[in-house]
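Residue numbers (my numbering): 49 to 617. Every residue, glycine too, gets a C-beta built ideally from N, C-alpha and C.
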């Protein structure tokens, strides 16, 4: 019997189970199947006599033939206890491993364990927790799923034993114990070809002593896949950025659209994008901002290019003719109708684009029919009983606030929202100061070619035009440039050639560009005199005061003003 007990102790010592029993903060007793105490920890003596515990066990509980574990509650020395019994195999011997715990502590511990288990199971990474000596305490569900290792296989075992059983090739826990700091290694897990990144971190108590080691396991294969996915996303984003940059670089290459001002860049970019889709567009902007040019460019850059582009100025159609002009009519549908009927403007745009300028001028009753065209892509002529399928894109425009138009019952709300799938705001020319000089050069070249002339504008004229606020926008500038070129009897337009209201403007910069100006000294002096007198007249409107400032007689001022074509009235 003595020799057998010695064999037991030697086996227990070699298996590390003795260290585990001595470490835990619960009363633990190791019995052989005859009831002999093989080993017990320090907590047992504080609570019970081991022999009393053995007497409490029934024959079935001692045998554990039907189950490898058993749990029950009992009273010992007037205290409520929870007792757990497990069968433990060590080589050819069998033992009973009995754990005693006061029931109130058991409930608290169960709650804490449940909370801890919930926390670590909620983590997507694999978690492996050991005590400071290397005995496995817990693993989470993610670790079990990643490694195909069940909790019962490793919990309670020392990591050295698990290495010997080839559960993993090396232990991060042993390295943390050795170096007493955070360590990371690559690890191979049992029956797995994948490589795992494992980071172990010591948990220290207030006395700076290690109490736990928490290991976090990352699947390197998944990380590599994620890295590859992120790399592909980065490539995709780079391509998108390059495409956006390419489109931006091509913005100023849209034929017929001249714009370099910051306020026009998003507009031109949106024109590019709208040309790639086939949705309805509502263009908003003041009169003369070029809404019709924008509509035509959206059409010409789209897949409908080469097909009809029908522009309709809704403000120029008399109200009684609206329906027949837009929808057409059949033979004999009303008095005065053509014998063969007439195709409407909507049908004329079939396959292409219909541009409806001043959309709010369409009568409310016809807006309902137009809404039907937008929704159903079908029209019905006046006098007809059948609908006709059409394929058109509708672009509309207005120079008024659409919300106010809805409030004033000038445009249907449902039509507005149907048209304004993509609204496009064109800024007024006063907000495009950087574009005025380019537009002037463009119009000078166009009208010189048209009228076979070689007229240029003086720097002072250019400065005045660039300082003007242009209430009529691009259309006003275009008409003025053509007017000045047509009326000029020389090759240089001077300030006195401008309309009187523009002559009164004091430009922000009257300095000559000597490198590009080809004026004679006499003309340059006259230009300077003209601009200065115009400036003084704008400021004072008083011939006597201006004469005093210039230190010349009043009649001399009037004579000079007449010579310079300045009206001081």
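Considering only the beta carbon of each residue, do residue 629 and residue 588 sit closer than 7 Å?
What the structure shows of the chain is the stretch from 49 to 617, and residue 629 is not part of that stretch, so it cannot be assessed.
Could you spell out the range, first to last residue, of the alpha helix (DSSP H) harbouring residue 5?
No information on residue 5 is available, as it lies outside the stretch 49 to 617 that the chain covers here.
Integer-rounded CB distance, given that residue 349 should sit under 8 Å from residue 323
For the purposes of this step, residue 323 is identified with residue 275 of the chain shown, where counting begins at 1. For the purposes of this step, residue 349 is identified with residue 301 of the chain shown, where counting begins at 1. Rounded, the Cβ-Cβ distance is 4 Å, consistent with contact.
Where the alpha helix (DSSP H) containing residue 195 begins and where it ends
Locating residue 195 in the chain shown gives position 147, counting from the first residue. 189-195 is the span of the alpha helix (DSSP H), which, as asked, contains residue 195.
Ignore the nearest five residues each way along the sequence and tell me which others in residue 210's own chain have a CB closer than 8 Å to its CB.
In the chain shown, the residue the question calls residue 210 occupies position 162. Closer than 8 Å at the Cβ level, and outside the excluded window around residue 210, lie 184, 202, 216, 219.
Can you give me the C-alpha to C-alpha distance between residue 263 and residue 226, rounded to a whole angstrom?
As a first step, residue 263 is located in the chain shown; it is residue number 215 there, counting from the start. As a first step, residue 226 is located in the chain shown; it is residue number 178 there, counting from the start. So the two alpha carbons sit approximately 15 Å from each other.
Straight-line Cα distance separating residue 543 from residue 514
Mapped onto the chain shown, residue 514 falls at position 466. Mapped onto the chain shown, residue 543 falls at position 495. Their Cα atoms are separated by approximately 13 Å.
contact_flag[the stretch 309-324, the stretch 407-416] where n(CB pairs < 8 Å) is 3 or more
no
Measure how close the beta-carbons of residue 365 and residue 373 come, nearest whole angstrom, since I'm counting them as under 8 Å.
Within the chain shown, numbered from 1, the residue matching residue 365 stands at position 317. Within the chain shown, numbered from 1, the residue matching residue 373 stands at position 325. With a Cβ gap of about 5 Å, residue 365 and residue 373 count as contacting.
Let's see if you can read the secondary structure: which residues bound the alpha helix (DSSP H) around residue 179?
On the chain shown, position 131 is the one that residue 179 refers to. Note, residue 179: premise wrong, no alpha helix (DSSP H); beta strand (DSSP E) at 174-179.
Could you compute how far the alpha carbon of residue 146 sits from the alpha carbon of residue 126?
Taking the chain shown and counting its residues from 1, the one referred to as residue 146 is at position 98. Taking the chain shown and counting its residues from 1, the one referred to as residue 126 is at position 78. The alpha-carbon atoms of residue 146 and residue 126 are separated by roughly 20 Å.
Can the beta-carbon of residue 327 be found closer than 7 Å to that of residue 421?
Reading the chain shown from its first residue, position 279 is the one you call residue 327. Reading the chain shown from its first residue, position 373 is the one you call residue 421. No, the Cβ-Cβ distance between residue 327 and residue 421 is not below 7 Å.
Where residue 476 and residue 599 are concerned, what is the direct C-alpha to C-alpha distance, given to the nearest angstrom?
On the chain shown, position 428 is the one that residue 476 refers to. On the chain shown, position 551 is the one that residue 599 refers to. Spanning the two alpha carbons is a distance of roughly 43 Å.
Can you pull the DSSP bridge partners for residue 122?
Here residue 122 is taken as the residue at index 74 of the chain shown, counted from 1. Paired residues: 129.
Out of 321, 307, 456, which has the shortest C-alpha to C-alpha gap to residue 291?
Walking along the chain shown from the start, residue 291 turns up at place 243. Out of 321, 307, 456, 321 has the C-alpha closest to the C-alpha of residue 291.
Could you tell me the alpha carbon to alpha carbon distance between residue 204 and residue 280, rounded to whole angstroms?
Position 156 of the chain shown, counted from the start, is the residue given in the question as residue 204. Position 232 of the chain shown, counted from the start, is the residue given in the question as residue 280. C-alpha separation (whole angstroms): 44 Å.
For residue 464 versus residue 454, is the C-beta distance shorter than 7 Å?
Residue 464 sits at position 416 when you count from the first residue of the chain shown. Residue 454 sits at position 406 when you count from the first residue of the chain shown. Cβ atoms of residue 464 and residue 454: closer than 7 Å.
For a test of the three-state rule: what should DSSP assign to residue 503, helix, strand or coil?
As a first step, residue 503 must be located in the chain shown, where it is residue number 455. In the structure shown, residue 503 sits in coil (DSSP, three-state: anything other than H, G, I, E or B).
Would you say residue 190 touches the ligand FAD, meaning its beta carbon is less than 6 Å from a heavy atom?
The ligand content of the structure shown is nil, which means the ligand FAD is not present either.
Spatial distance of residue 540 from residue 585 (CA atoms)
Within the chain shown, numbered from 1, the residue matching residue 540 stands at position 492. Within the chain shown, numbered from 1, the residue matching residue 585 stands at position 537. Rounded to the nearest angstrom, the two C-alpha atoms are 24 Å apart.
Quick check: residue 88 and residue 77, are their CB atoms within less than 7 Å of each other?
Along the chain shown, read from residue 1 onward, the residue named residue 88 stands at position 40. Along the chain shown, read from residue 1 onward, the residue named residue 77 stands at position 29. In this structure, residue 77 lies closer than 7 Å to residue 88 by Cβ.
Please go through the same chain and pick out, in chain order, the residues whose beta-carbon is closer than 7 Å to the beta-carbon of residue 368, but skip the five residues on each side of it.
The count along the chain shown starts at 1 and reaches residue 368 at position 320. Closer than 7 Å at Cβ, skipping near neighbours: no residue.
For residue 486 and residue 333, what's the separation of their Cα atoms in angstroms?
For the purposes of this step, residue 486 is identified with residue 438 of the chain shown, where counting begins at 1. For the purposes of this step, residue 333 is identified with residue 285 of the chain shown, where counting begins at 1. Their backbone Cα atoms lie some 20 Å apart in a straight line.
C-alpha gap between residue 479 and residue 362, whole angstroms
On the chain shown, position 431 is the one that residue 479 refers to. On the chain shown, position 314 is the one that residue 362 refers to. Between residue 479 and residue 362, the C-alpha separation is close to 27 Å.
Buried versus exposed, by CB contacts within 10 Å (16 or more), residue 166
The residue labelled residue 166 in the question sits at position 118 within the chain shown. Label assigned to residue 166: exposed.
Look at the alpha carbon of residue 452 and the alpha carbon of residue 445, and state the distance between them as a whole number of angstroms.
Against the chain shown, residue 452 aligns to sequence position 404. Against the chain shown, residue 445 aligns to sequence position 397. Spanning the two alpha carbons is a distance of roughly 15 Å.
Contacts around residue 85, its chain only, beta-carbon distance under 7 Å, and the 5 residues preceding and following it disregarded:
In the chain shown, residue 85 corresponds to position 37, counting from 1. Excluding positions up to five away in sequence, the list reads 77, 79, 98.
So is residue 354 buried or exposed if we call it buried at 16+ other beta carbons inside 10 Å?
Taking the chain shown and counting its residues from 1, the one referred to as residue 354 is at position 306. Flag for residue 354 reads exposed.
Check for me: the alpha helix (DSSP H) holding residue 590 runs from which residue to which?
Residue 590 sits at position 542 when you count from the first residue of the chain shown. No alpha helix (DSSP H) holds residue 590; DSSP gives it neither H nor E.
Local Cβ density within 10 Å of residue 137, reported as buried at 16 or more and exposed below that
For the purposes of this step, residue 137 is identified with residue 89 of the chain shown, where counting begins at 1. Counting Cβ neighbours within 10 Å, residue 137 comes out exposed, since fewer than 16 surround it.
Please report the straight-line C-alpha distance between residue 196 and residue 424, rounded to a whole angstrom.
For the purposes of this step, residue 196 is taken as residue 148 along the chain shown, with counting starting at 1. For the purposes of this step, residue 424 is taken as residue 376 along the chain shown, with counting starting at 1. Going from the Cα of residue 196 to the Cα of residue 424 covers about 60 Å.
Considering Cα atoms alone, identify which of 521, 535, 511, 483 is closest to residue 495.
Numbered from 1 along the chain shown, position 447 holds the residue referred to as residue 495. The option with the nearest alpha carbon to residue 495 is 535.
Please classify residue 170: does DSSP put it in a helix, a strand, or coil?
Position 122 of the chain shown holds residue 170. In this structure, residue 170 counts as coil in the three-state DSSP scheme.
Can you tell me whether residue 207 is buried or exposed? The criterion is at least 16 other CB atoms within 10 Å of its CB, across all chains shown.
Your numbering for residue 207 matches position 159 in the chain shown. When all chains shown are included, residue 207 counts as buried.
Take residue 199 as the anchor and find which of 171, 578, 176 has the nearest alpha-carbon.
Locating residue 199 in the chain shown gives position 151, where the first residue counts as 1. It is 176.
Output yes or no for whether 7 Å exceeds the beta carbon distance between residue 268 and residue 243.
Here residue 268 refers to the residue found at position 220 when the chain shown is read from its first residue. Here residue 243 refers to the residue found at position 195 when the chain shown is read from its first residue. Yes, the pair counts as a contact, with Cβ atoms nearer than the cut-off.
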